[in-house]
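>
Residue numbers (the working numbering), protein chains in the order written: chain A, 1 to 260; chain B, 261 to 897.
(1) Beta-carbon of residue 318 (chain B) versus every beta-carbon of chain A: anything under 8 Å?
(2) Counting only Cβ-Cβ distances shorter than 7 Å, please list the residues of the stretch 131-157 of chain A near chain B, keeping chain order.
(3) So that I know if they touch, is there some Cβ in chain B lying closer than 8 Å to that of residue 64 (chain A)?
(4) Counting only beta-carbon atoms, is residue 276 (chain B) nearer than 8 Å to chain A?
(5) Given that a residue counts as buried once 16 or more other Cβ atoms are within 10 Å of its Cβ, and exposed if not, what is residue 241 (chain A)?
(6) Taking the runs of the beta strand (DSSP E) that are 3 residues or longer, which of them lie wholly in the stretch 397-472 of chain B?
(7) Could you check whether the stretch 436-447 of chain B touches the stretch 336-349 of chain B, counting it as contact only if at least three pairs of C-beta atoms, one from each stretch, sit closer than 8 Å?
(8) Under the DSSP definition of a beta bridge, which residues are partnered with residue 845 (chain B)?
(9) Considering residue 96 (chain A), what are the terminal residues of the beta strand (DSSP E) in which it resides?
(10) What's the gap between the Cα of residue 260 (chain A) and the Cα of residue 710 (chain B)?
(11) Nearest by alpha-carbon distance to residue 104 (chain A): which of A:155, A:82, A:120 and A:235 is it?
(12) If you drop the 5 nearest sequence neighbours on each side, which residues of the same chain put their C-beta closer than 7 Å to that of residue 95 (chain A)?
(13) Suppose you measure from the CA of residue 143 (chain A) to the CA of residue 335 (chain B); what does that come to, to the nearest Å?
(14) Starting from residue 36 (chain A), trace the alpha helix (DSSP H) both ways and give me its first and last residue.
(15) By the DSSP assignment, the beta strand (DSSP E) with residue 358 (chain B) in it spans what residues?
(16) Which two residues bound the contiguous beta strand (DSSP E) that contains residue 511 (chain B)?
(17) Quick check on the DSSP output: what are the complete beta strand (DSSP E) runs of length 3 or more inside the stretch 611-649 of chain B, in order along the chain?
(18) Give a yes or no on contact between the stretch 464-472 of chain B and the stretch 426-434 of chain B, applying the rule of three or more CB pairs nearer than 8 Å.
(19) Using a Cβ-Cβ cut-off of less than 9 Å, list which residues of the stretch 793-813 of chain B approach chain A; keep chain order.
(20) Residue 749 (chain B) to residue 810 (chain B), Cα distance in whole Å?
(21) Answer yes or no: does any C-beta atom of chain B fall closer than 8 Å to that of residue 58 (chain A)?
(22) Quick check on residue 257 (chain A): buried or exposed, where buried means 16 or more other Cβ atoms within 10 Å of its Cβ?
(23) Below 8 Å on the Cβ atoms is my guess for residue 900 (chain B) versus residue 897 (chain B); work out the distance and round it to an integer in Å.
(24) For residue 863 (chain B), I'd like the list of residues in its chain whose CB is within less than 6 Å of its CB, leaving aside the five on either flank, ordered along the chain.
(25) Any Cβ of chain A within less than 8 Å of the Cβ of residue 314 (chain B)?
(26) Answer with yes or no whether the minimum CB distance from residue 426 (chain B) to chain A is below 8 Å.
(27) Where do the ends of the beta strand (DSSP E) carrying residue 486 (chain B) lie?
(28) Kindly say whether residue 454 (chain B), judged by its beta-carbon, lies nearer than 8 Å to any beta-carbon of chain A.
(29) Do residue 421 (chain B) and residue 694 (chain B) have their C-beta atoms within less than 8 Å of each other?
(30) Can you confirm whether the stretch 173-182 of chain A touches the stretch 226-237 of chain A when touching is taken to mean that 3 or more C-beta pairs between the two stretches lie within less than 8 Å?
(31) Residue 538 (chain B) touches chain A at which residues, Cβ-Cβ below 8 Å?
(32) Where do the ends of the alpha helix (DSSP H) carrying residue 106 (chain A) lie?
(33) Below 8 Å between beta carbons: does that hold for residue 840 (chain B) and residue 365 (chain B)?
(34) Taking only beta-carbon atoms, is residue 121 (chain A) less than 8 Å away from chain B?
(35) How many angstroms separate the CA atom of residue 761 (chain B) from the CA atom of residue 715 (chain B)?
(36) Tell me whether residue 607 (chain B) sits in a helix, a strand or coil according to DSSP, three-state version.
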């Protein structure tokens, strides 16, 4: 098939960008969206033009590197699918496709479709972990975990950190990303000691990075390639309130009791 | 060049314990005086960086990705082995050790493998403590599944994304150390050169992939954990960015390269569909727990799979290997698939595919149970192929997946360059000529969490270090080499893109150094690659400049190295005149078509020493001694 692409081109973080139009010929329906871009880029290289820069790595939907807004949808039109797993059979001959980078103040554009998502790393560094120094762990079966909780923690942990939730949100909120990590660790007994401190630190960092707040649009869940549910934002909010209320009473801010 | 494996004396089950006691320690207060560079942020690199920082060392960690969380360990699907014996099915450290040595077709070092099996139990404990949400049973205890090459159930898993969950555990431990100021993390930085001063590894030259700036970082020791070099085949299950540049630079600086030809071709990947294809996608080996592999009995049978009656199907793995069946090791399963396709019994449009069928499992367990176990894999398959594997069998074919070869290391994971340590897939040590499923995650974490923290201390404590001045001639030379190389690539201004060269190299490698190899083909490969390389340096077309984000330049640099590496792989395959594990020389096979080892002449590690561009490297030999497992013909029948 033959397609027309309107692609955001931006030389670097300092320059201003604009849309450029390209024709894509001989596109097979079996190609992935990124393979289609590869074909376009090969053409540009041969014409002596600068190829379109886009982030990608595993191309099997798990590393979270790729991400672009395709016709207004982060990762494109197919639900629960990353751009690298999106195949051209979702499009039709003659389609005009608009491709943009993630748009969010906290994700500045680096070049073309590439953005800087290091804010996510800093949120994790602020508290998105269990402090379990290597070497001192008890037996893996020492603490049984209800399958229900383990499965729910896994649902939250499936987040690939791609940032589609931020790109989709009218407020550029990162609460789905943060809520998923807060919930995963709060659902596990190992995560209890730091539970309150963790949610406070991560939320503070999230705010400092310039992400917006959640006003329940639900765009994040709809665009998440891993189907992370908004329920985790609610869990985070509950934990955050609890942490804030108890912060004055308990110096270390540790949670009381387990579960979640 | 000297190849001292430095394996401790004594009985195998006491070696690591004894060694840990004998190693020198660095006083806690002195650790912060040392700087360690770690290149790579996967299970081995990220795990190593986090562990070393926890101990108090100052760590600088580099990755080419935009975040440490994206290292390709993340893509491992099936699971991680550990000799926990939670199933009460006869597992033990010794059995895991035995299975791994046998699985590697007796071309790995016994002592290393035993240590790996030993620490495997600690890995699971550590991961649970970090909050890795492993699959659990209703009683709340950890669940297991089976993997190829084993008759016990010892594989721990987190749905079909075990690598992701383990890596996120590593990443979180690493980011914690970043937050504490103990690790300096350099994202989007690619190593371009190793700095060796007075015979010891003392730093790296890296390129900032956003600004193009070339930076020098000095340290007291360097760890390379940069993964495998399987992208030499162009089409592989590796991430697009995976490359061999770091280990290749080290090789050219004096680190020996061991068993470069040992490449794992994974049996269950989605078949190639067209010339534009950029990568191949794995379907986890865990699927072989419940999926049955078959092809039609008749050649050229083009009927839809559902129309082929049971008695006209050949479940060839179950037929040929009744005791392991569909869970035969990867090298054996891959070759069997190739064989039936070469006979003309392959399925799908290209004829290079076999069925992986869940019909019986769905009938036995119900769709819901299958969905729970493999749901995300089935979805992924459907996205790529537009076929519903709940209704029609999957089509799969072997693809390059892992490299058992890598930089030679001793028992301490140190290469032939003092102070240069190599971890994870980047080294050669534990998997011999074939890696068993669910063992790569185990090795990555073992090296990073439990081995390097000890052995690097022992090295540092025994050395005296004086700071390397920034203007040192060896440092300057390394910086100059990087600048010149970039300039050389940019100045060619030819007509063909790096992707075109890469694809062509991949075809040569797959054809001549792939699943089946012979003398003639390897010789052909060895002469074709230098020609292609010459062509590359004459006719490469590279847009953009060096002082900017330039993905074409990044790729071209990697391809330039693959074009050298491929030649070494062919040479190694040629000179290893036997078959073993993944290395199948058609001249050496049994009457049943199995790999025929030659223990008299080849029971050794082949380690190659670089002699200069255009000169044949020297092949050194480290003999392999088997004291605990009897050298035997590997049988899975």
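Think of the CB as a built atom: it goes at the ideal place given N, C-alpha and C, for glycine as much as any other residue.
Reading off the structure:
(1) Translated into positions along the second chain, residue 318 (chain B) becomes position 58. Output row for residue 318 (chain B): interface = no.
(2) Here the close residues are 131, 132, 133, 134, 137, 138, 139, 140, 141, 144, 145, 146, 147, 150, 153, 154 and 157.
(3) Reading the first chain from its first residue, position 64 is the one you call residue 64 (chain A). Interface criterion met: the Cβ of residue 64 (chain A) is under 8 Å from a Cβ in chain B.
(4) Mapped onto the second chain, residue 276 (chain B) falls at position 16. No Cβ of chain A is located within less than 8 Å of the beta carbon of residue 276 (chain B).
(5) The residue given as residue 241 (chain A) occupies position 241 in the first chain. Residue 241 (chain A) comes out exposed.
(6) For the stretch 397-472 of chain B, the full-length beta strand (DSSP E) segments reaching 3 residues or more read 443-446, 449-457 and 460-468 along the chain.
(7) By the criterion of at least three beta-carbon pairs nearer than 8 Å, the stretch 436-447 of chain B is not in contact with the stretch 336-349 of chain B.
(8) Translated into positions along the second chain, residue 845 (chain B) becomes position 585. Answer by DSSP bridge pairing, in chain order: B:777.
(9) Within the first chain, numbered from 1, the residue matching residue 96 (chain A) stands at position 96. Its beta strand (DSSP E) spans residues 96-100.
(10) As a first step, residue 260 (chain A) is located in the first chain; it is residue number 260 there, counting from the start. As a first step, residue 710 (chain B) is located in the second chain; it is residue number 450 there, counting from the start. Confidence at residue 260 (chain A) is low in this model, with a pLDDT of 43, below 50, so the placement of that residue should be treated as unreliable; the coordinate-derived value is given next. Each residue's Cα considered, the two are about 33 Å apart.
(11) Within the first chain, the letter at position 104 stands for residue 104 (chain A). Looking at the Cα atoms, A:120 is the closest of the given residues.
(12) Within the first chain, residue 95 (chain A) is the residue found at index 95, counting from 1. Result list for residue 95 (chain A): 3, in chain order.
(13) If you number the first chain from 1, residue 143 (chain A) lands on position 143. If you number the second chain from 1, residue 335 (chain B) lands on position 75. If you take the alpha carbons of residue 143 (chain A) and residue 335 (chain B), they lie about 28 Å apart.
(14) Here residue 36 (chain A) corresponds to residue number 36 of the first chain, with the count starting at 1. Element bounds for residue 36 (chain A): 33-46.
(15) Position 98 of the second chain, counted from the start, is the residue given in the question as residue 358 (chain B). From DSSP, residue 358 (chain B) is part of no beta strand (DSSP E) but of the alpha helix (DSSP H) over 353-363.
(16) Translated into positions along the second chain, residue 511 (chain B) becomes position 251. DSSP places residue 511 (chain B) in no beta strand (DSSP E) but in the uninterrupted alpha helix (DSSP H) bounded by 505-512.
(17) If only uninterrupted beta strand (DSSP E) runs of at least 3 residues are considered, those enclosed by the stretch 611-649 of chain B are 614-617.
(18) By the Cβ criterion, the stretch 464-472 of chain B is not in contact with the stretch 426-434 of chain B, since fewer than three pairs of Cβ atoms, one from each stretch, lie closer than 8 Å.
(19) Of all residues in the stretch 793-813 of chain B, 801, 802, 803, 804, 808, 809, 810, 811 and 812 have a Cβ within less than 9 Å of some Cβ in chain A.
(20) Counted from its first residue, the second chain places residue 749 (chain B) at position 489. Counted from its first residue, the second chain places residue 810 (chain B) at position 550. Those two C-alpha atoms are separated by around 12 Å.
(21) Along the first chain, one-based indexing puts residue 58 (chain A) at 58. Residue 58 (chain A) has a beta carbon lying within less than 8 Å of a beta carbon in chain B.
(22) For the purposes of this step, residue 257 (chain A) is taken as residue 257 along the first chain, with counting starting at 1. With a pLDDT of only 49 at residue 257 (chain A), under the threshold of 50, the placement of this residue in the model should not be trusted; the figure read from the coordinates follows. Around the C-beta of residue 257 (chain A), fewer than 16 other C-beta atoms lie within 10 Å, and the residue is accordingly described as exposed.
(23) Outside the shown range of chain B, which is 261 to 897, sits residue 900 (chain B), and nothing can be said about it.
(24) Indexing the second chain from 1 puts residue 863 (chain B) at position 603. Within the same chain, 884 come within 6 Å of residue 863 (chain B) by CB-CB distance, once the 5 residues on both sides are set aside.
(25) Here residue 314 (chain B) refers to the residue found at position 54 when the second chain is read from its first residue. At least one chain A Cβ lies under 8 Å of residue 314 (chain B).
(26) Working through the second chain from its first residue, we reach residue 426 (chain B) at position 166. Taking CB atoms only, residue 426 (chain B) has no neighbour in chain A less than 8 Å away.
(27) For the purposes of this step, residue 486 (chain B) is taken as residue 226 along the second chain, with counting starting at 1. Run containing residue 486 (chain B): none; DSSP gives neither H nor E here.
(28) In the second chain, the residue the question calls residue 454 (chain B) occupies position 194. Not one chain A Cβ lies under 8 Å of residue 454 (chain B).
(29) Here residue 421 (chain B) refers to the residue found at position 161 of the second chain. Here residue 694 (chain B) refers to the residue found at position 434 of the second chain. Between residue 421 (chain B) and residue 694 (chain B), the gap from beta carbon to beta carbon reaches 8 Å or more.
(30) By the C-beta criterion, the stretch 226-237 of chain A is judged to be in contact with the stretch 173-182 of chain A, since at least 3 inter-stretch pairs fall below 8 Å.
(31) Working through the second chain from its first residue, we reach residue 538 (chain B) at position 278. Taking a Cβ-Cβ cut-off of 8 Å, the neighbours of residue 538 (chain B) in chain A comprise 32, 34, 35, 38 and 59, given in sequence order.
(32) As a first step, residue 106 (chain A) must be located in the first chain, where it is residue number 106. Run containing residue 106 (chain A): none; DSSP gives neither H nor E here.
(33) On the second chain, position 580 is the one that residue 840 (chain B) refers to. On the second chain, position 105 is the one that residue 365 (chain B) refers to. Judged by their CB atoms, residue 840 (chain B) and residue 365 (chain B) are nearer to each other than the 8 Å cut-off.
(34) One-based indexing of the first chain puts residue 121 (chain A) at position 121. The beta carbon of residue 121 (chain A) sits closer than 8 Å to some beta carbon of chain B.
(35) Taking the first residue of the second chain as 1, we reach residue 761 (chain B) at position 501. Taking the first residue of the second chain as 1, we reach residue 715 (chain B) at position 455. Cα-Cα distance, rounded: 40 Å.
(36) Here residue 607 (chain B) refers to the residue found at position 347 of the second chain. Under the three-state reduction of DSSP, residue 607 (chain B) is assigned to coil, being neither helix nor strand.
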